[in-house]
Amino acid sequence: GESVGLHLPTLSVQEGDNSIINCAYSNSASDYFIWYKQESGKGPQFIIDIRSNMDKRQGQRVTVLLNKTVKHLSLQIAATQPGDSAVYFCAENIRDTGRRALTFGSGTRLQVQP
Amino acid sequence: NAGVTQTPKFRVLKTGQSMTLLCAQDMNHEYMYWYRQDPGMGLRLIHYSVGEGTTAKGEVPDGYNVSRLKKQNFLLGLESAAPSQTSVYFCASSYSTGQAKAFFGQGTRLTVV
Chain A
103 GESVGLHLPT
113 LSVQEGDNSI
123 INCAYSNSAS
133 DYFIWYKQES
143 GKGPQFIIDI
153 RSNMDKRQGQ
163 RVTVLLNKTV
173 KHLSLQIAAT
183 QPGDSAVYFC
193 AENIRDTGRR
203 ALTFGSGTRL
213 QVQP
Chain B
1134 NAGVTQTPKF
1144 RVLKTGQSMT
1154 LLCAQDMNHE
1164 YMYWYRQDPG
1174 MGLRLIHYSV
1184 GEGTTAKGEV
1194 PDGYNVSRLK
1204 KQNFLLGLES
1214 AAPSQTSVYF
1224 CASSYSTGQA
1234 KAFFGQGTRL
1244 TVV
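Below is the structure:
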């Protein structure tokens, strides 16, 4: 889920389990969404994206679900591995603004227990 | 393929000093962005550019200036650094508008004392 300030929400899972990371967005004009993974000391890395005319998109071990009715986005990681430990950010493109850049959420930390 | 390269990687400044952060991309991307990331928070957009010779303000532009004299480079300047500008700065680039995945550099950790 989303959080504000210094304390990132943390999701702790066992290796091999499935992970679900959630993101709520507030702007109904958002028409494109991306999930990024950020490992400690590194820049954000693209995972998967989805456009607002879709409700599901699958990648390798990852699935993004979009529910426009409740303005909710989720990232599902199958068979979570220790290398998946990172902070995950959702980002959105807000169509109505003149600003042509992504707006980021505050992130969720995923901890994978061996 | 280097992607997006930021220099320097680390820097310590005294209050009132100035500096320029350099971002270079070799993907022929039109769009470039500067974000800052504070502890436990997401990325906030400082300035961005939609093409060579153009710049625009983001969410938190105060205290920063930018220039895009060449398509492959996007410079972020701090004219008079303040402790509130202590942060990690990320540059990114993308092919087109916000509806395209952005590629990020490795970040510049700046401390203002």
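For the record, the sequence lines run as chains A and B.
Each residue of the first sequence is one higher than the one before, starting from 103 at the first, in my numbering.
Each residue of the second sequence is one higher than the one before, starting from 1134 at the first, in my numbering.
Glycine is no exception: its CB is placed at the ideal position from the N, C-alpha and C atoms.
As the structure is a computational prediction, the values presented were derived from the model and not from experiment.
Status (buried if at least 16 other CB within 10 Å, exposed otherwise) for residue i
i, result
"B/Asp1195", "exposed"
"A/Gly145", "buried"
"A/Met156", "exposed"
"B/Ser1229", "exposed"
"A/Gly161", "exposed"
"B/Ala1135", "exposed"
"A/Thr217", "The displayed coordinates of chain A run from 103 to 216. Any statement about residue 217 of chain A would go beyond what the structure contains."
Residue of the options minimising C-alpha distance to residue i
i, options, result
"A/Lys139", "B/Gln1239, B/Val1246 and B/Leu1243", "B/Gln1239"
"B/Thr1188", "B/Arg1177, B/Leu1208 and B/Gly1173", "B/Leu1208"
"A/Ile152", "A/Val214, A/Thr165 and A/Gln215", "A/Thr165"
"A/Glu141", "A/Gln213, A/Phe206 and A/Val189", "A/Val189"
"A/Gln116", "A/Pro184, A/Thr210, A/Arg159 and A/Leu167", "A/Pro184"
"A/Lys170", "A/Ser187, A/Phe135, A/Gly118 and A/Leu113", "A/Phe135"
Pair within 8 Å by beta-carbon distance, residue i and residue j
i, j, result
"A/Lys173", "A/Ser130", "yes"
"B/Ala1214", "B/Gly1149", "yes"
"B/Val1221", "B/Gln1139", "no"
"B/Arg1177", "B/Thr1241", "no"
"A/Trp137", "A/Ile122", "no"
"A/Gln213", "A/Asn120", "no"
C-beta neighbour in chain B for residue i, strict 8 Å
i, result
"A/Ser208", "yes"
"A/Gly103", "Residue confidence for A/Gly103 is low, a pLDDT of 35 falling below 50, so the modelled location carries little weight and cannot support an answer."
"A/Leu167", "no"
Test: residue i CB closer than 8 Å to a CB of chain A
i, result
"B/Lys1234", "yes"
Please list the residues of the segment 1172 to 1200 of chain B that have a C-beta atom closer than 9 Å to any C-beta atom in chain A, keeping them in chain order. Within the segment 1172 to 1200 of chain B, the residues whose Cβ lies closer than 9 Å to any Cβ of chain A are, in chain order, Pro1172, Gly1173, Met1174, Gly1175, Leu1176, Arg1177, Leu1178, Tyr1181, Val1183, Ala1189, Lys1190, Gly1191 and Glu1192.
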